[in-house]
Structure formats: structure tokens, C-alpha cells
Amino acid sequence: MAILGFSFMAMAIFVLDLLLKNHIEKVKQEGEETTICGGRLLIRRYHNKGAMLDVGARRQDVVAVLSVALTLGLTVLFVLTFSCKGSRALKAGLAFLLGGAYSNTYDRLVRKYVVDYVSFPVKNARIRQIVFNLSDFCIMIGAFLMMLGSGGTDKRQAAA
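Here my numbering is used: position 138 in the sequence shown is 759, and no number is missing along the way.
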């Protein structure tokens, strides 16, 4: 039953981020900013043509192929964890990672860019320029949970 829950979580992240991206594409113009959450977040539309921080923007084809390959690899790993008992943090981490990866990979293949829309209104101009989306946050959370999940497994195996 947990397998369905983790699979649903990945799918929910994908769908929610896709809905948010479609909304941002319809209502925001490039460069337009709106503050929300008492000024703690900036909402703006940005088209990221590369990977994280626009790395590889001039080689979108390579970024797309890598994105598909990594997403497929994570999907296989996720399916392989179905037969493992426990490892809830690892499975949750993979679900977060996959939801985000599916969404960003979908954008790269269909739109030819990833829609980013959240920034932090900090004084440092370089940090303020960085724009994220829900998938980016889920990928970070997923990586952290995977570290926690795999670390616990190693400790139990070492103790045995």
C-alpha cells in the first residue's frame, strides 16, 4: 500500500507543478514580479533553457537527453525499492525526486525550457536572480531524504 502512496506523491508533485507553471505562463509577463507571503517570496516568470542555474542553455539537446536518462534511472531505482521492506525515507526521497524530475523533464521535452517562478527577495543581487519552481524544491527535499534513507540502511548493515 505504501508503494501506491509514494507513487501518488510523485504524480501529485508533477501535476501540481505543471498546473502552477501553466498558470504562471498565462498570467505573468517576463520580468514582472509580485511579492507574496508577506514579502518573503517573489513570483516571476523565467524560462530556464538549461539545467540548474541555466547551465548548458546553449546545449539544450544535451540537457534534455541527460534529463531523460537520469529520470529513467531514478524511475528504475524507485521500482526496485518496491521489493524492499522499510526504507521509507529512501522511497519518499525518490518520490519527491521523481515528481520534480518528471515535471522539469516534461518541460524540457515539450516547452523546450523549464518554467521557473519563485525567487527570494534578498539583498544579495546574485541570489535574488535565482528563480526556482516547485519541482526544484522537491528535488532538493528528495535528495536530502534519500541521504537520510540510505544512511540508515548502511548503519544497520554495518551493525549486522
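Glycine residues also receive a C-beta, built at the ideal position from the N, C-alpha and C atoms. These numbers were taken from a predicted model, which means no experiment stands behind them.
- Message: Taking 8 Å as the threshold (C-beta atoms), are Gly-720 and Ala-633 in contact?
- Response: yes
- Message: In the DSSP output, what is Tyr-667 paired with across the bridge?
- Response: Asp-737
- How is Glu-654 classed by DSSP in three states: helix, strand or coil? strand
- Item | With 16 other Cβ atoms within 10 Å as the buried cut-off, status of Phe-765 | exposed
- Item | Three-state secondary structure (DSSP) of Phe-703 | coil
- Beta-carbon gap between Tyr-738 and Lys-670 smaller than 8 Å: no
- Message: In whole angstroms, give me the CA-to-CA distance for Ile-762 and Leu-718.
- Response: 8 Å
- Message: For Phe-703, which residues in the same chain have their Cβ closer than 8 Å to its Cβ, ignoring the five residues on either side in sequence?
- Response: Ile-624
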